[in-house]
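Chains as they are written, first to last, in the numbering used here: chain Z, -13 to 203; chain X, 465 to 613. For glycine and all other residues, C-beta sits at the position ideal for the given N, C-alpha and C. Bear in mind the structure is a predicted one, so any value in this text is a computation, not a measurement.
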Amino acid sequence: MKKFSFVAAAIVLLLSVFAVATYLYNSQKADDASANAQKNYSVLERDHSPTLGDEKAKVTIVEFFDPACGTCKAFYPFLKQAMEAYPGKIRLVMRYLPLHQGSDEVVNILEAAHQQDKFWEILEAAYKTQSDWTQHHVAQPEAFWKMLSYTKLDVENAKQDLKNPVIAQRIKQDIADAEKLNVTKTPGFFVNGKPLTSFGFQQLKDLIETELRNNYK
Amino acid sequence: MTESNERTPMPLDTAWVIIFICWLLATAGTLGSLFFSEVMGLKPCVLCWYQRIFMYPLVIIFLVGLFPLDRAVFRYALPVAIIGWCFAVYHYLVYSGYIPENLQPCSEDASCAEINLELFGLITIPMMSIISYTAIIVLLFIFRRRTQS
């Protein structure tokens, strides 16, 4: 029995060491991410980025997204709900970060839609039909184009716009900014420049609510 | 208490402690590797996976062998530890450059030849793996000598 409690104590000890090390590592990483975001605050937003919500809103959510990313899709309605819950107080800025294979063409098309002022409409259509044009984490631009023919997007015009080097340039800029901000996964969220260091719906909700409290007293 | 002191001679207790240390090594290795992959986000390469496959079950084998102390634990644990040790040595040779990693098309999978963690500038993950496996194997042989007589 003595040996048994000896081993039990060892298990508890080892697991505690693991838990403490995890906690220390994560808090250190969160501090580093915050410091890095602060340092690169200026590249968080670009004038060309698609934006939703009131210009004067005091809480800005920046999301680095990939239209082929399932988690980005899952967070979209959550963001819309948050904006509806606090009308005029939240602004949403979308930045492109095509990490999935084939996504680069899809984000180009989204930016072409942006030129026609149809970014949000096409983004919603893209999320809605995601499983039709993304298979095994690979985006199929062909299928995406097919889906677009059912939307209000002027496809011929968009194809012309894709030749415009400005579009590719903007995407490149977004990807470069993501690298500077250390965003390696999508969705990558920043609320008023503060990175979401621990991922999850509740954590994002808490971060947004903290910023709302701090800016609307 | 006094009764157990009379019944169990000291050698058995030493033998028990040896297997307990083996269990500690295996458990520390398991938790450590999980820390690298799950907390720090380092992707385990293929060879790391094979070393994990032979390290993780040792935690259970040693634990079962401790209650009550089973002399046969040597026979069950040794082959597992030796196979794991071979993978660890092979891994060490690959990343030290003695054995070229097979030319493979570039992919997002982790490369076994790449060193992505160095503690104090010298201890790498495969090195820790070799040390743990070697210690376990040596301890198992000491255990057998202790329990043979």
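Asked, Found
"is_contact[Thr137 of chain Z, chain X] using C-beta, thresh 9 Å", "no"
"Glu49 of chain Z and Leu78 of chain Z closer than 9 Å at C-beta", "yes"
"The ligand GTP heavy atom lying under 8 Å from the CB of Asp90 of chain Z", "Absence of the ligand GTP is noted for the structure shown, with no ligands found whatsoever."
"Close Cβ partners of Leu542 of chain X (< 8 Å) along its chain, the five nearest in sequence each way excluded", "Ile601, Leu604"
"Beta-ladder partner(s) of Ala125 of chain Z, from DSSP", "Z:Thr120"
"Chain X residues whose Cβ lies nearer than 9 Å to that of Leu0 of chain Z", "Leu488, Thr491, Ala492, Leu495"
"Within chain Z, partners of Met519 of chain X - CB distance below 9 Å", "Those do not exist, as Met519 of chain X stays about 14 Å from chain Z at its closest Cβ, beyond 9 Å."
"Closest by C-alpha distance to His555 of chain X, when choosing among X:Thr491, X:Gln612, X:Ser575", "X:Ser575"
"Proximity of Val531 of chain X and Val169 of chain Z at Cβ, strictly below 9 Å", "First, the residue type needs correcting, since residue 531 of chain X is Phe and not Val in the sequence shown. No; because the gap between Cβ atoms is not below 9 Å, this pair is not in contact."
"Cα-Cα separation, Gly529 of chain X to Leu495 of chain X", "20 Å"
"Where the beta strand (DSSP E) containing Tyr202 of chain Z begins and where it ends", "Note, Tyr202 of chain Z: premise wrong, no beta strand (DSSP E); not H, not E."
"Under 9 Å by beta carbon: chain X residues contacting Ala(-4) of chain Z", "Phe484, Trp487, Leu488, Thr491"
"Nearest-angstrom Cα separation, counted from Ala21 of chain Z out to Tyr597 of chain X", "40 Å"
"Residue-level contact to chain Z via CB, Arg506 of chain X, 9 Å cutoff", "Note on residue identity: the sequence assigns Leu, not Arg, to residue 506 of chain X. So, not an interface residue."
"Neighbour list for Val503 of chain X in chain Z, Cβ cutoff strictly below 8 Å", "Ala7, Thr8, Tyr11, Asn12"
"Neighbour-count burial assignment, Cys570 of chain X, 16 or more Cβ in a 10 Å radius", "Residue confidence is low: Cys570 of chain X scores 48 on pLDDT, short of 50, so the model does not pin down where it sits. Its coordinate-derived value is still stated next. Looking at its Cβ environment, which holds fewer than 16 other Cβ atoms inside 10 Å, Cys570 of chain X is exposed."
"Endpoints, the beta strand (DSSP E) within which Met80 of chain Z is located", "76 to 82"
"Counterpart residues of Lys149 of chain Z in DSSP-defined beta bridges", "DSSP lists no partner for Lys149 of chain Z."
"Helix, strand or coil at Val92 of chain Z according to DSSP, with G and I counted as helix", "helix"
"C-beta contact flag for Leu85 of chain Z and Lys171 of chain Z at 9 Å", "yes"
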